[in-house]
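Visitor: Residues 1 to 142 in the UniProt record's numbering are what the sequence shown lists, from first letter to last. Even glycine gets a Cβ: it sits at the ideal position worked out from N, Cα and C. Note that the structure is predicted; figures quoted are calculated from it, not measured. Encoded as structure tokens, here's the structure I'll be asking about.
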Amino acid sequence: MTHDPNCIFCKIIDGEIPSAKVYEDEDVFAFLDISQVTKGHTLIVPKTHVKNIYETKEDVASTLFARVPKVARAIEKAFNPIGMNVLSNTGEFAGQSVFHLHIHLIPRYDESDGFDAKWITHNDDYTNDERSAIAQTISENI
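What follows is the structure, given as structure tokens:
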């Protein structure tokens with residue numbers, strides 16, 4: 001497994017920095033986000049150091065994302081939220097502040113729980129032909 005000695009999440013995984021561990025296996029580590037945007041806000045990280053989703057090999061991503069339902073169900077059982085946001089920020093502009101891939105599980109309790117992930121839709125900004133061209137461009141890069 002790759003490891004970055006300067007990465008705060010690598011240090012948490014190695015036990016050099018304390019954390020509130022929720023789950024651990026040989027490939028994945030989950031712990032409470034120190035910010036606790038909402039009660040139970042949990043981060044799931046691969047033990048292999050990868051900066052973001054762009055640099056992640058498919059096997060690492062598969063293993064990481066396979067643990068998301070297990071931890072999400074545990075949060076649901078423990079705190080009975082009415083919903084949950086599952087997200088990952090890639091790049092500083094998108095809000096990534098720790099450059100070790102991580103998935104946020106943010107339980108939702110009501111409109112005033114401290115988290116707002118709303119966006120403006122742009123359905124009318126693109127014709128069907130433009131959407132097809134966008135999809136084609138992405139497909140050509142896979």
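1. Quick one: what does DSSP say residue 6 is sitting in, helix, strand or coil?
2. Return helix, strand or coil for residue 17, following the three-state DSSP convention.
3. Which whole-angstrom value is the C-beta distance of residue 46 and residue 27, which I expect to be below 8 Å?
4. Once the 5 residues before and after residue 53 are set aside, which same chain residues still bring their CB inside 8 Å of it?
5. With distance defined between alpha-carbon atoms, name the residue in 82, 142, 86 nearest to residue 65.
6. With a CB to CB cut of under 6 Å and the five nearest residues on each side skipped, what residues in its chain are close to residue 19?
7. When the Cα of residue 68 is compared with those of 112, 25, 94, which residue comes out closest?
8. Which residues bound the beta strand (DSSP E) around residue 137?
9. Nearest-angstrom Cα distance between residue 94 and residue 72?
10. So, at 7 Å on beta carbons, what are the nonlocal neighbours of residue 96 in its own chain, with the 5 sequence-adjacent residues on each side left out?
11. Whole-angstrom Cβ separation of residue 164 and residue 9, contact assumed at under 8 Å?
Guide: To lay it out plainly:
1. Coil, per DSSP.
2. Coil, per DSSP.
3. Under the criterion of beta carbons closer than 8 Å, residue 46 and residue 27 qualify as touching, at roughly 6 Å.
4. These residues qualify, in order along the chain: 61, 88, 90, 101.
5. Scanning 82, 142, 86 for the CA closest to the CA of residue 65 turns up 86.
6. Within the same chain, residue 19 has close Cβ partners 12, 31.
7. For the residues 112, 25, 94, the minimum Cα distance to residue 68 belongs to 25.
8. Here residue 137 belongs to no beta strand (DSSP E); instead the alpha helix (DSSP H) covers 128-140.
9. Their backbone Cα atoms lie some 23 Å apart in a straight line.
10. Beyond the five residues adjoining it in sequence on each side, residue 96 comes within less than 7 Å, by CB distance, of 52, 89, 90 in the same chain, given in chain order.
11. Nothing about residue 164 can be read from this structure; the chain reaches only from 1 to 142.
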